Amino acid sequence: MFGTDANVWSVEVEDWISGDGPERIEVVSPPENCGPNEPYFGSDPFEVALEHESSIVLLTGSEGGWQAITPLQGVVPAAPGGGIPEEW
Numbered sequence: 077m078f079g080t081d082a083n084v085w086s087v088e089v090e091d092w093i094s095g096d097g098p099e100r101i102e103v104v105s106p107p108e109n110c111g112p113n114e115p116y117f118g119s120d121p122f123e124v125a126l127e128h129e130s131s132i133v134l135l136t137g138s139e140g141g142w143q144a145i146t147p148l149q150g151v152v153p154a155a156p157g158g159g160i161p162e163e164w
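The following block contains the structure:
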């Protein structure tokens, strides 16, 4: 993606906040860096999300499948109760 490798994550969906879909989807984590270098500056945002009890994944879909909307704001920790945080 964008001239470099990108990670694809298998995501278990507990709740679709907008729209609906399957309980498990494959999601591309867009790289932060274009070109032949390391795709992520530091760690992949989806990897960091594993540290949270639950996360909100902001997605865009196409014929090619699902991907996070941006490398920096595609995954955010869920607010208490699992909702969307007021800010991030």
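So in the working numbering, the last one in the sequence shown is 164, and the numbering has no gaps at all. The C-beta atom is built at its ideal place from N, Cα and C for all residues, glycine as well. If you're wondering where the values come from, they're calculated on a predicted model, not measured in any experiment.
Straight-line spacing of the CA atoms in residue 117 and residue 79 works out to 15 angstroms. Cβ atoms of residue 104 and residue 131 stay farther apart than 8 angstroms, at about 16 angstroms. Residue 155 sits in coil when the DSSP states are folded into three classes, being neither helix nor strand. As the crow flies, the alpha-carbon of residue 77 is around 19 angstroms from that of residue 133. Under DSSP, residue 88 takes part in a beta bridge, and its partners are 100. If you look at residue 144, you'll find it in the beta strand (DSSP E) that goes 141-144.
Here residue 141 is near residue 102, since their CB atoms are less than 8 angstroms apart.
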